[in-house]
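K.L.:
Residue numbers (my numbering): 307 to 421.
(1) Output yes or no for whether 8 Å exceeds the beta carbon distance between residue 328 and residue 310.
(2) Is residue 411 helix, strand or coil when you go by DSSP?
(3) Spatial neighbours of residue 355 within its chain, please: C-beta separation below 7 Å, excluding the five flanking residues on both sides.
(4) Count the other CB atoms within 10 Å of the CB of residue 262; is the residue buried (16 or more) or exposed (fewer)?
(5) Is it buried or exposed for residue 375, if we count other Cβ within 10 angstroms and need 16 for buried?
(6) Using DSSP with H/G/I as helix, E/B as strand and the rest coil, what is residue 321?
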């Protein structure tokens with residue numbers, strides 16, 4: 307339908323009927339938020355590590371380096387994860403997560419999956 311992203315904000319979230327109807331037609335491009343969810347920026351929380359999208363060409367190179375043969379071999383992060391939703395990462399995207407443990411930076415990679 308040419309739709310890139312639909313964002314629906316309400317006080318209580320979608321009704322089951324609305325969710326079912328939207329999932330059938332706009333499953334990959336629709337996000338539901340409640341007013342309360344938008345009051346807090348999850349990426350600004352001290353315990354949330356930095357997340358960034360890995361470009362497709364770099365993801366292919368990483369897959370070769372890490373010996374990832376198919377998408378199911380990647381560790382997963384869910385499409386409903388608050389940070390994934392915040393950045394509007396899409397299913398199949400590879401996400402770089404950079405954490406610091408005791409002053410030592412560590413990088414993790416995850417593939418975005420629906421469930």
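Ideal Cβ positions, reconstructed from N, Cα and C, are used throughout, including at glycine. Note that the coordinates shown come from a computational prediction; the quantities given were computed from them, not determined experimentally.
P.N.:
Here's the rundown:
(1) Position 22 of the chain shown, counting from 1, holds the residue named residue 328. Position 4 of the chain shown, counting from 1, holds the residue named residue 310. Their beta carbons are not under 8 Å apart, which means residue 328 does not touch residue 310 by this criterion.
(2) One-based indexing of the chain shown puts residue 411 at position 105. Three-state DSSP puts residue 411 in a strand.
(3) For this step, residue 355 is matched to residue 49 along the chain shown. For residue 355, where only same-chain residues beyond five positions count, the Cβ hits under 7 Å are 403, 404 and 405.
(4) The chain is shown from 307 up to 421; residue 262 falls before or after that span and cannot be answered.
(5) Working through the chain shown from its first residue, we reach residue 375 at position 69. Burial call: exposed.
(6) One-based indexing of the chain shown puts residue 321 at position 15. Three-state DSSP puts residue 321 in coil, outside helix and strand.
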